[in-house]
Structure formats: C-alpha cells, structure tokens
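Just so you know, we're using my numbering here: the sequence shown kicks off at 14 and counts up by one.
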Amino acid sequence: MRYNDTVMDHFLNPRNAGPLPNANAVGRAGSGDCGDLVELSLRVEDDRVVEARFRAFGCVAAIAGASVTTELVRGRTVAEALALTNTDVVHALGGLPPRKVECSILAEEAIRAALGAYLERNRPADRLPTDAPAAENPPAAPDQP
14 MRYNDTVMDH FLNPRNAGPL PNANAVGRAG SGDCGDLVEL SLRVEDDRVV EARFRAFGCV
74 AAIAGASVTT ELVRGRTVAE ALALTNTDVV HALGGLPPRK VECSILAEEA IRAALGAYLE
134 RNRPADRLPT DAPAAENPPA APDQP
C-alpha cells in the first residue's frame, strides 16, 4: 500500500506524540483487540484547546491521523474542535488510500470522546445539554380540606 509524503512524514515523525501530564480532556477510540487504538489528550483553557498530544497503536494511517489531529485541534475552540471530522483529517494528510480512510475515524472519535467528557465535567450544573428534555416539575400537592 502506498502512502503520500505527508502521511509518511506524520507516521515517521509524529507530532505531539506521548502523554500530556496536565490534560483535562482525554478520549480513546478503537480497540487493541482489532489492532488500532488512539488516545488523544487535550488541555483546554478558556474554551480553547491550548495543547494536544496523542498515543497510538496501529497502522500508518491511524498514527498519521492522530498526529495531524493534534495540529488541527490546537488553538480551536471546543465547538470548533468538535466540528472536525475524519474528512478534515484525511484532507490535512493529503488523502489516504480508500481502504485506510476508516482509520481516520479513530481521530474524530477520540476528539469527541475527549471533549464530550470535558464538557460533562465542566458544564454548569444549572445548564442542561441542548438535546436534553426539560426537567419535569412534580405535580403540586392537592389542596387539603
């Protein structure tokens, strides 16, 4: 299988590889059982991703995808980072062989897992997610004669 120069550069010289000790958002995607696993660690400050690192086990496309994803998310707001898709990852890599495009989904899933967990922990208690139903008020007690 042939990869382009950008993919090979990210694979052979991965950007931001390794743990992020002060991460406040960590997400994992994939399964060690099937061969590809990506862990994305982020540091979010003032609703912006200020630092991103990854650890990955898997194929060339999974590692290159995780590497380029750390570059794509840095500096973005949480909402902007959540809007990134595997198509953005593939585009930033200059393309992937058709059979390997699915490996770029791991990076997207890891972003969503990391930032989803971050939002759960950091959402003010008085705010519900926009897709959650409104809290029901208990019925008023009937008047006692």
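In this text, a Cβ means the ideal position worked out from N, Cα and C, and glycines have one as well.
| Check | Outcome |
| --- | --- |
| Identify whether residue 125 lies in helix, strand or coil by the three-state DSSP scheme. | helix |
| Which residue from 38, 56, 105 puts its Cα closest to that of residue 134? | 38 |
| Could you give the first and the last residue of the continuous beta strand (DSSP E) run that contains residue 69? | 61-70 |
| In whole angstroms, what is the alpha-carbon distance linking residue 73 and residue 58? | 31 Å |
| Alpha carbon to alpha carbon, what distance is there between residue 101 and residue 146? | Low local confidence applies: a pLDDT of 43 at residue 146 is under 50, so the model's placement there is unreliable, with the coordinate-based value given in what follows. Distance between the alpha carbons of residue 146 and residue 101 is about 32 Å. |
| Count the other C-beta atoms from every protein chain shown that fall within 10 angstroms of the C-beta of residue 44, then say buried if there are 16 or more, exposed otherwise. | exposed |
| Quick check: the Cα distance between residue 91 and residue 129, rounded to an integer number of angstroms? | 10 Å |
| Could you check which residue in 94, 30, 108 has the C-alpha nearest to that of residue 125? | 94 |
| Take residue 114 as the anchor and find which of 30, 54, 87, 79 has the nearest alpha-carbon. | 79 |
| According to DSSP, is residue 42 part of a helix, a strand, or is it coil? | strand |
| Is it buried or exposed, residue 81, if we count other Cβ atoms within 10 angstroms and call 16 or more buried? | buried |
| At the level of alpha carbons, what is the spacing between residue 111 and residue 15? | 11 Å |
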